[in-house]
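Below you'll find the structure, written out as structure tokens, and then a few comments.
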Amino acid sequence: MDDKTVPNQTRDLSFADDFIFAKLVEDVRDCPVEDAVVVNISPSAMITGDEHPAIVPAWKSTWLKG
């Protein structure tokens with residue numbers, strides 16, 4: 007991690023509203039997620055969790071449950 011980057015910075019996505027919760031999280035590190043659809047917009051695979059890790063391939067999405 008670059009010393010100048012701040013992990014887990016978030017911002018609302020343009021289509022977020024009162025009915026759709028949509029955030030972009032950048033430089034994700036130990037970010038807790040409960041029941042959500044997660045989209046990996048990175049060109050590399052993403053590994054989720056410690057206890058039961060799963061791989062989300064680049065440019066793919068998955069549903070994470072509690």
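Under my numbering, residues 7 to 72 are what the sequence shown spells out, in order.
Where a beta carbon is used, it is the ideal one built from N, C-alpha and C, also for glycine.
Residue i vs residue j beta-carbon contact at 7 Å
| i | j | result |
| --- | --- | --- |
| Ala-64 | Pro-49 | yes |
| Val-62 | Met-52 | yes |
| Val-39 | Leu-70 | yes |
Closest by C-alpha distance to residue i, when choosing among the options
| i | options | result |
| --- | --- | --- |
| Ala-28 | Val-43, Arg-35, Pro-38, Thr-68 | Val-43 |
| Glu-32 | Phe-21, Pro-38, Asn-14 | Asn-14 |
| Asp-56 | Arg-17, Asp-24, Arg-35 | Arg-35 |
Backbone secondary structure at residue i - three-state DSSP
| i | result |
| --- | --- |
| Asp-18 | strand |
| Glu-40 | coil |
Limits of the beta strand (DSSP E) - the one that residue i falls within
| i | result |
| --- | --- |
| Ala-60 | 60-62 |
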